[in-house]
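Working notes, structure below.
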Amino acid sequence: MDWKVIALGISGALAFAGFVIFLIVAGKKLAKLEEEEAKRKRAEQEAKRISEAAAAQRERESHHVERVKDIIRHADDLGPDEFELRLNSYPSENRATQAAGARRDAH
Numbered sequence: 279m280d281w282k283v284i285a286l287g288i289s290g291a292l293a294f295a296g297f298v299i300f301l302i303v304a305g306k307k308l309a310k311l312e313e314e315e316a317k318r319k320r321a322e323q324e325a326k327r328i329s330e331a332a333a334a335q336r337e338r339e340s341h342h343v344e345r346v347k348d349i350i351r352h353a354d355d356l357g358p359d360e361f362e363l364r365l366n367s368y369p370s371e372n373r374a375t376q377a378a379g380a381r382r383d384a385h
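Adding 278 to a residue's 1-based position in the sequence shown gives its number in the numbering used here.
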């Protein structure tokens, strides 16, 4: 066998090995990019969910403040029992905080 044929065979084998290595590296890079894209999408979805939850919470708080303001506004027209009944019908976890905020805003 001639040394040129051997050199050509080795050269072809090295080229094939280089191509295989290129495919492996490119595949890993592509997989990493896909993973990063999936993480980005999850982060965007989480940010959207948090934003929507915050907006809903602001809406609930606004509604609660208006309700307590209305109760306080009509406090003079209500008897002590009816005032207490209306205030107690307000969700207990928000009652003290919202009542304080409504009193502050009413003055």
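All C-beta atoms, glycine included, are put in the ideal place defined by N, C-alpha and C.
By the 10 Å Cβ neighbour count, where 16 or more other Cβ atoms means buried, how is residue i classified, buried or exposed?
| i | result |
| --- | --- |
| I328 | exposed |
| H342 | buried |
Ordered along the chain, which non-local residues of its own chain (more than five positions away) have a Cβ less than 7 Å from that of residue i?
| i | result |
| --- | --- |
| I302 | none |
With respect to the alpha helix (DSSP H) encompassing residue i, which residues constitute its N-terminal and C-terminal limits?
| i | result |
| --- | --- |
| H341 | W281 to R351 |
| D359 | P358 to N366 |
Between residue i and the rest of its own chain, which residues show a CB-CB distance below 8 Å, the 5 nearest in sequence each way excluded?
| i | result |
| --- | --- |
| A321 | none |
So, at 6 Å on beta carbons, what are the nonlocal neighbours of residue i in its own chain, with the 5 sequence-adjacent residues on each side left out?
| i | result |
| --- | --- |
| E339 | none |
Three-pair Cβ contact test at 8 Å for the stretch 329 to 348 versus the stretch 360 to 369: Yes, they touch.
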